[in-house]
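The structure appears right after this line, and notes come after that.
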Amino acid sequence: MSKPLVLVLNSGSSSLKFALVEAQTGDAVVSGIGECFGLDNACIAWKGEGIDKQEVILQSGDNHHQQAVDIIVSLIEKEHLGSDLCAVGHRVVHGGEHFSQATLIDDSVIEKIESLSSLAPLHNPSHVVGIRAAISAFPHLPQVAVFDTAFHQTMPAKAYTYAISQKLYRDFGIRRYGFHGTSHYFVSREAAKQLDKVPEQTNVITVHLGNGASVCAVKNGKSVDTSMGFTPIAGLMMGTRCGDLDPSIPEFLQKQGWTPEQIHKELNGNSGLLGVSELTSDCRGICEAAGEGHKGAQLALELFSYRVAKYIASYMVALDEVDAIVFTGGIGENSLPVRHLIMMNLRVFGYREDVEANEKARFGQPGMISQQGTPMALVIPTNEEFVIASEALRFTMQ
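Throughout, the numbering used here is defined as the position within the sequence shown, counted from one, plus 743.
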């Protein structure tokens, strides 16, 4: 008996990530990415079970998202997977306060996603482009939006409210929204399984570390606080984003003659690991250079790990008890130096690294990286595509 497949799409302004996911297991049959949309070197590449890596150069023009989806359609037909395809799941970064769960897409939902573009100008417009391309290619399949912000809609007012005039919240929706919701949701549920508990009785601090990074306090299975805020720039130091910053600094730079566009680019694209190290935004390069004595890389590594540990420590306040700290994301799952430094910074709370276990928990291998008898720290690989596929599958059963 064939297994139901969901096409998972993550559409960016100049890219389109995709995966054909077995919705009941989370296994990706095919996965790929289209890149450099809008440029002459736009292309799409993929690989899968029994499929060697392939790449196609897209034709010049301004319809690269549609071209990419058309190629995905051809791929599905070529591999005879169309009969198993039951839905299309779309990752959408910002759902504001309108969406607290996955939603079947219709014209009104598209309109609402577009209306939230001011909150995610680099993401939501691109999601709409990808959604429309998918609807054109698969008009008879359910199209489901899964929002990064949805998991965090359970935060209490004391966690999501900024200490500013409430008129700004009422007029402009300025509050903490949080992101990486599908990742925090997935690993918190996986952690509950490993702890032999139900999610509703599980309290964990999930730590998603990648080029984008965030921490989430999950109390009885629900998000009660998270480090990203009104936009994804807030919270932790990241690959190129500054994270938390004195709000007077942008004003200061404007008085020095900087434009808002220059400030935005600096804080989003030239800061973080890249800005501090003056070397690279890639954590692997940072760790390697730090080991070779590069002062900027050493500072970037120490600063990144220190700020993660501070957020973890602060989120203990949001929980009655902490069952485990859970590391995930590209850095969280693979970087020994980062996890080592974070654990060292948390020694005051009793955390002790199991060095051998920490070395084993890499490249997709989960595991406990804390010593027996000390507060628990886990590594759990995330699977956001599985969450999106599972959510989309629900709408085929209604």
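Cβ coordinates follow ideal geometry from the N, Cα and C atoms, glycine included.
As the structure is a computational prediction, the values presented were derived from the model and not from experiment.
(1) Report the residue ranges of all alpha helix (DSSP H) runs contained in full by the region 804-846; include only those spanning at least 4 residues, in chain order.
(2) As a quick exercise: from SER851, ALA876, TYR1049, pick the residue whose alpha carbon is nearest that of ASN753.
(3) Can you name the start and end residues of the alpha helix (DSSP H) that THR925 belongs to?
(4) For PRO975, which of GLU1102, LEU865, ALA830 has the nearest alpha-carbon?
(5) How many Å lie between LEU847 and ILE874 at the Cα?
(6) So CYS978 and TYR1054 are supposed to be a Cβ contact under 8 angstroms. How far apart are they, rounded?
(7) Under a Cβ-count criterion, where at least 16 other Cβ atoms within 10 Å of its own Cβ denotes burial, should PHE992 be classed as buried or exposed?
(8) What residue from VAL1122, GLY791, GLY916, ALA1135 has the CA that sits closest to ALA711's CA?
(9) Which residue comes first and which comes last in the beta strand (DSSP E) that contains CYS959?
(10) Quick one: residues in its chain with C-beta nearer than 7 angstroms to the C-beta of GLU933, no 5 flanking neighbours on either side, listed in chain order?
(11) Whose C-beta lies closer than 8 angstroms to the C-beta of GLN1218 among residues of the same chain, with five residues either side of it excluded?
(12) If we count the other Cβ atoms within 10 Å of its Cβ and call it buried at 16 or more, is ASN784 buried or exposed?
(13) For the beta strand (DSSP E) containing ILE948, list its first residue and its last residue.
(14) Can you list the beta strand (DSSP E) stretches of 3 or more residues lying completely in the region 1011-1088, in chain order?
(15) Ends of the alpha helix (DSSP H) at ALA867?
(16) For my contact list, ALA1043 and SER1020 are in at a C-beta cut-off of 8 angstroms; report their separation, rounded to the angstrom.
(17) GLU943 by DSSP, collapsed to three states: which one?
(18) For THR768, I'd like the list of residues in its chain whose CB is within less than 6 angstroms of its CB, leaving aside the five on either flank, ordered along the chain.
(19) From what residue to what residue does the alpha helix (DSSP H) around LYS1103 run?
(20) Spatial neighbours of SER1024 within its chain, please: C-beta separation below 8 angstroms, excluding the five flanking residues on both sides.
(21) Report the CB separation of TYR905 from ARG918 in whole angstroms; it is logged as a contact under 8 angstroms.
(22) What does the alpha-carbon distance come out to for the pair LEU1046 and SER843?
(23) Just to confirm my understanding: we take SER756, look at its own chain, exclude 5 residues before and 5 after, and list those with CB closer than 7 angstroms. What are they?
(24) Quick one: is ARG1090 buried, meaning 16 or more other Cβ sit within 10 Å of its Cβ, or exposed?
(25) What three-state label does DSSP hand PRO899 in the structure shown?
(26) Less than 8 angstroms between the C-beta atoms of ILE907 and VAL1065, yes or no?
(27) Between which two residues does the alpha helix (DSSP H) containing ASP1174 stretch?
(28) I'd like the list of long-range same chain contacts for HIS841, defined as Cβ closer than 7 angstroms, with 5 residues on each side in sequence excluded.
(29) Using alpha carbons as the reference points, say which of ILE819, THR892, ASP770 lies closest to VAL835.
(30) Looking only at its chain, what residues have a beta carbon closer than 8 angstroms to the beta carbon of ASP805, apart from the 5 residues adjacent to it on each side?
(31) So, with DSSP's three-state summary, where would you put LYS703?
(32) Tell me, to the nearest whole angstrom, how far the beta carbon of ILE1074 is from that of LEU952; I am working on the premise that it is less than 8 angstroms.
(33) Buried or exposed for GLU1127, please, with buried defined as at least 16 other CB atoms from any protein chain shown within 10 angstroms of its CB.
(34) What's the gap between the Cα of GLY1116 and the Cα of ASN867?
(35) Tell me which residue opens and which closes the alpha helix (DSSP H) that LEU1136 is part of.
(36) In this structure, does DSSP put ILE992 in helix, strand or coil?
Reading it off the structure:
(1) Secondary structure in the region 804-846: the alpha helix (DSSP H) runs of 4 residues or longer, each lying completely within the stretch, are 807-821 in chain order.
(2) Counting from one through the sequence shown, the residue named residue 753 turns up at place 10. Among SER851, ALA876, TYR1049, the Cα nearest to that of ASN753 belongs to ALA876.
(3) The residue you call residue 925 lines up with position 182 of the sequence shown. Per DSSP, THR925 belongs to the alpha helix (DSSP H) from 924-937.
(4) Stepping through the sequence shown from its first residue, residue 975 is reached at position 232. When the alpha-carbon of PRO975 is set against those of GLU1102, LEU865, ALA830, the nearest one is in LEU865.
(5) Within the sequence shown, the letter at position 104 stands for residue 847. Within the sequence shown, the letter at position 131 stands for residue 874. Cα to Cα, LEU847 sits roughly 12 angstroms from ILE874.
(6) Along the sequence shown, one-based indexing puts residue 978 at 235. Along the sequence shown, one-based indexing puts residue 1054 at 311. Reading off the sequence, residue 978 comes out as Gly, not Cys. Rounded, the Cβ-Cβ distance is 7 angstroms, consistent with contact.
(7) Indexing the sequence shown from 1 puts residue 992 at position 249. According to the sequence provided, residue 992 is Ile. The question's Phe does not apply to it. Counting Cβ neighbours within 10 Å, ILE992 comes out exposed, since fewer than 16 surround it.
(8) As shown, the chain starts at 744 and ends at 1141. That puts residue 711 outside it, with no answer to give.
(9) The residue you call residue 959 lines up with position 216 of the sequence shown. DSSP places CYS959 inside the beta strand (DSSP E), whose first and last residues are 956-962.
(10) Looking up residue 933 in the sequence shown gives position 190. Only ILE1123 meet the Cβ criterion.
(11) Absent from the structure is residue 1218, since the part of the chain shown begins at 744 and ends at 1141.
(12) Along the sequence shown, one-based indexing puts residue 784 at 41. Exposed is the call here.
(13) Residue mapping note: residue 948 aligns to position 205 of the sequence shown, counting from 1. Counting along the chain, the beta strand (DSSP E) containing ILE948 begins and ends at 946-952.
(14) If you keep only unbroken beta strand (DSSP E) runs of at least 3 residues inside the region 1011-1088, you get 1067-1071.
(15) For the purposes of this step, residue 867 is taken as the residue at position 124 of the sequence shown. A quick correction: the sequence has Asn, not Ala, at residue 867. Unbroken alpha helix (DSSP H) run through ASN867: 867-880.
(16) Translated into the one-based positions of the sequence shown, residue 1043 becomes position 300. Translated into the one-based positions of the sequence shown, residue 1020 becomes position 277. At roughly 4 angstroms, the Cβ-Cβ gap stays under 8 angstroms, so ALA1043 and SER1020 are in contact.
(17) Sequence index remark: in the sequence shown, residue 943 carries index 200 (1-based). Helix, per DSSP.
(18) If you number the sequence shown from 1, residue 768 lands on position 25. In the same chain as THR768, and ignoring 5 residues on each side of it, no C-beta atom comes closer than 6 angstroms to its own.
(19) The sequence position of residue 1103 within the sequence shown is 360, counting from 1. First-last of the alpha helix (DSSP H) with LYS1103: 1098-1103.
(20) Position 281 of the sequence shown, counted from the first residue, corresponds to residue 1024. Within the same chain, Cβ atoms closer than 8 angstroms to the Cβ of SER1024 are found at ASN954, GLY982, THR983, GLY1015, LEU1016, LEU1017, the five residues on either side in sequence being excluded.
(21) Within the sequence shown, residue 905 is the residue found at index 162, counting from 1. Within the sequence shown, residue 918 is the residue found at index 175, counting from 1. Indeed they touch by this definition, with Cβ atoms about 6 angstroms apart.
(22) One-based indexing of the sequence shown puts residue 1046 at position 303. One-based indexing of the sequence shown puts residue 843 at position 100. Approximately 34 angstroms, taken between the alpha carbons.
(23) In the sequence shown, counting from the first residue as 1, residue 756 sits at position 13. Contacts found: LEU865, SER869.
(24) Walking along the sequence shown from the start, residue 1090 turns up at place 347. With fewer than 16 other CB atoms across the displayed protein chains lying within 10 angstroms of its CB, ARG1090 is exposed.
(25) Translated into the one-based positions of the sequence shown, residue 899 becomes position 156. DSSP places PRO899 in coil when its eight states are reduced to three.
(26) On the sequence shown, position 164 is the one that residue 907 refers to. On the sequence shown, position 322 is the one that residue 1065 refers to. The answer is no: Cβ separation not under 8 angstroms.
(27) With the chain covering 744 to 1141 only, the question about residue 1174 has no answer from this structure.
(28) Against the sequence shown, residue 841 aligns to sequence position 98. If we look at HIS841 and ignore the five residues flanking it on each side, its Cβ neighbours are LYS855.
(29) Within the sequence shown, the letter at position 92 stands for residue 835. Measuring from the Cα of VAL835, the nearest candidate turns out to be THR892.
(30) Here residue 805 refers to the residue found at position 62 when the sequence shown is read from its first residue. Cβ neighbours of ASP805 beyond the five flanking positions: GLY781.
(31) Look at the range of the chain in this structure, 744 to 1141, and you will see that residue 703 is not part of it.
(32) Residue 1074 sits at position 331 when you count from the first residue of the sequence shown. Residue 952 sits at position 209 when you count from the first residue of the sequence shown. At roughly 4 angstroms, the Cβ-Cβ gap stays under 8 angstroms, so ILE1074 and LEU952 are in contact.
(33) On the sequence shown, position 384 is the one that residue 1127 refers to. It counts as buried.
(34) Along the sequence shown, read from residue 1 onward, the residue named residue 1116 stands at position 373. Along the sequence shown, read from residue 1 onward, the residue named residue 867 stands at position 124. Spanning the two alpha carbons is a distance of roughly 46 angstroms.
(35) The residue given as residue 1136 occupies position 393 in the sequence shown. Its alpha helix (DSSP H) spans residues 1127-1137.
(36) As a position in the sequence shown, residue 992 is number 249, starting the count at 1. Here ILE992 sits in helix by DSSP.
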